[in-house]
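> Got a structure for you, questions after.
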Amino acid sequence: MFTDSKKRKGKVRMKKWMGLMVICGMVFVLAACGGSNINNEKASPSVTEPADSLTNAPSDTNEVVEEGLTPEPGASLVIWNDANQRGFIEEVGKEFEKQYGVSVKIEELAPPEQVTRLTSDGPAGIAADILVIPHDQIGRAAQAGLIFPNDVFEEETRNENVENSVDAVSYDGTLYGYPFAVETYALFYNKKLIATAPQTMEEVIDFASTFNDVKNNKYALMWELQQFYYNYAFLVTPGGYMFGDKGTNKDDIGLNNEGSIEGGKFLQVLKEKVLPLNTGDVNYDIKKGLFTTDSLAMEI
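As numbered in our numbering, the sequence shown has no gaps in its residue numbers, which increase by one up to the final residue, 300.
Below, the structure written as structure tokens:
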């Protein structure tokens, strides 16, 4: 989205931001206590790989057997997945069923609920074999011993994915799961209201001074103010961060450093000059409604 080009002057350019940070990553994770009946006992750490690389997981998952995966009669695979991500998993499941004759069942479960359910359903043997969750759910699942490390295909996973996505699905030095999507946010603008995308935040502020009409709900720029997910961009741009050492050092908190404070002050400027609303006055539906009715020029 935005990145600071002249920190002390508050100039913020948009084009460079997209490569600066991975905001969220979706990841396949193998449940350590699911109810799989492939290979007789627990879920194999290789069952999410493409068909030509599937291997029969021995009791020691650090060894790779060359003969290929041989499911037992009646084997099935259960995947927990969010409804919004279902299409991709369905296609993968069809290929898996075709190759191995193993039925794949997808159970829709929102990501925040998956690890919670795994803590109870896992020991009972009725949990999914595979979770498809955001990377920020991995820590508590790993601490509780609920998911397998990605040790069989670790080298392959590291080589075939961008570094940020690999870091995002690692915890305490151990790689878990298989990242398959990375997400960030972007600025959308309505060409009927503003002909070209602004290059700096100063341009956004200048545009707001002529476009904003609070009484008639017209705004230059809007984002979901209550979501730290979006506000964080304005803190990290001038040098703020949550935790040091790529988010792994809990003793190094960067939300009160010079950069974060500068970013917070800039958010105050935006509240005054661009989006003079309270936090609770903006949500996804309000923002979408204004944008689609030509009352909002730009949205994050």
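From the three backbone atoms N, C-alpha and C, an ideal C-beta is built for every residue, glycine too.
What do you get for A83, buried or exposed, if any count of 16 or more other CB atoms within 10 angstroms of its CB means buried?
In the sequence shown, counting from the first residue as 1, residue 83 sits at position 83. So A83 ends up on the exposed side.
> Less than 6 Å between C-beta atoms, sequence neighbours within five positions excluded: which residues of the same chain meet that for A197?
On the sequence shown, position 197 is the one that residue 197 refers to. Residues of the same chain with a CB within less than 6 Å of the CB of A197, apart from the 5 flanking positions on each side, are Y189 in chain order.
> Using the DSSP secondary-structure output, state which residues sit across from K288 in a beta bridge.
Counting from 1 along the sequence shown, the entry for residue 288 is found at position 288. Paired residue(s): none; K288 is not in a bridge.
> Considering only C-alpha positions, which residue in the set Q99, N212, I147, P134 is nearest to P111?
Sequence index remark: in the sequence shown, residue 111 carries index 111 (1-based). Ranking Q99, N212, I147, P134 by Cα distance to P111 puts P134 first.
> Looking at the structure shown, is N212 part of a helix, part of a strand, or coil, going by DSSP?
For the purposes of this step, residue 212 is identified with residue 212 of the sequence shown, where counting begins at 1. The answer is coil: DSSP assigns N212 none of H, G, I, E or B.
> With the cut-off set at 8 Å, would you say G264 and G254 are in Cβ contact?
Working through the sequence shown from its first residue, we reach residue 264 at position 264. Working through the sequence shown from its first residue, we reach residue 254 at position 254. No, the Cβ-Cβ distance between G264 and G254 is not below 8 Å.
> Less than 8 Å between the C-beta atoms of Y230 and I300, yes or no?
Mapped onto the sequence shown, residue 230 falls at position 230. Mapped onto the sequence shown, residue 300 falls at position 300. Taking 8 Å as the Cβ cut-off, Y230 and I300 qualify as a contacting pair.
> Assuming L118 and A142 are in contact, meaning their beta carbons sit under 8 Å apart, how far apart are those beta carbons, in whole angstroms?
Along the sequence shown, read from residue 1 onward, the residue named residue 118 stands at position 118. Along the sequence shown, read from residue 1 onward, the residue named residue 142 stands at position 142. Not a contact, Cβ separation roughly 11 Å.
> What are the start and end residues of the alpha helix (DSSP H) that includes F266?
Numbered from its first residue, the sequence shown carries residue 266 at position 266. Counting along the chain, the alpha helix (DSSP H) containing F266 begins and ends at 258–273.
> Mind checking which residues open and close the alpha helix (DSSP H) that includes V236?
For the purposes of this step, residue 236 is identified with residue 236 of the sequence shown, where counting begins at 1. First-last of the alpha helix (DSSP H) with V236: 228–236.
> What residue range is occupied by the uninterrupted alpha helix (DSSP H) comprising P112?
As a position in the sequence shown, residue 112 is number 112, starting the count at 1. 111–124 is the span of the alpha helix (DSSP H), which, as asked, contains P112.
> Is the CB-CB distance between F211 and A297 below 8 Å?
On the sequence shown, residue 211 is found 211 positions in, with the first residue counted as 1. On the sequence shown, residue 297 is found 297 positions in, with the first residue counted as 1. In this structure, F211 sits near A297, with a CB-CB distance shorter than 8 Å.
> Counting only runs that start and end within the segment 158–217, where is the beta strand (DSSP E) found for 3 or more residues in a row?
178–183
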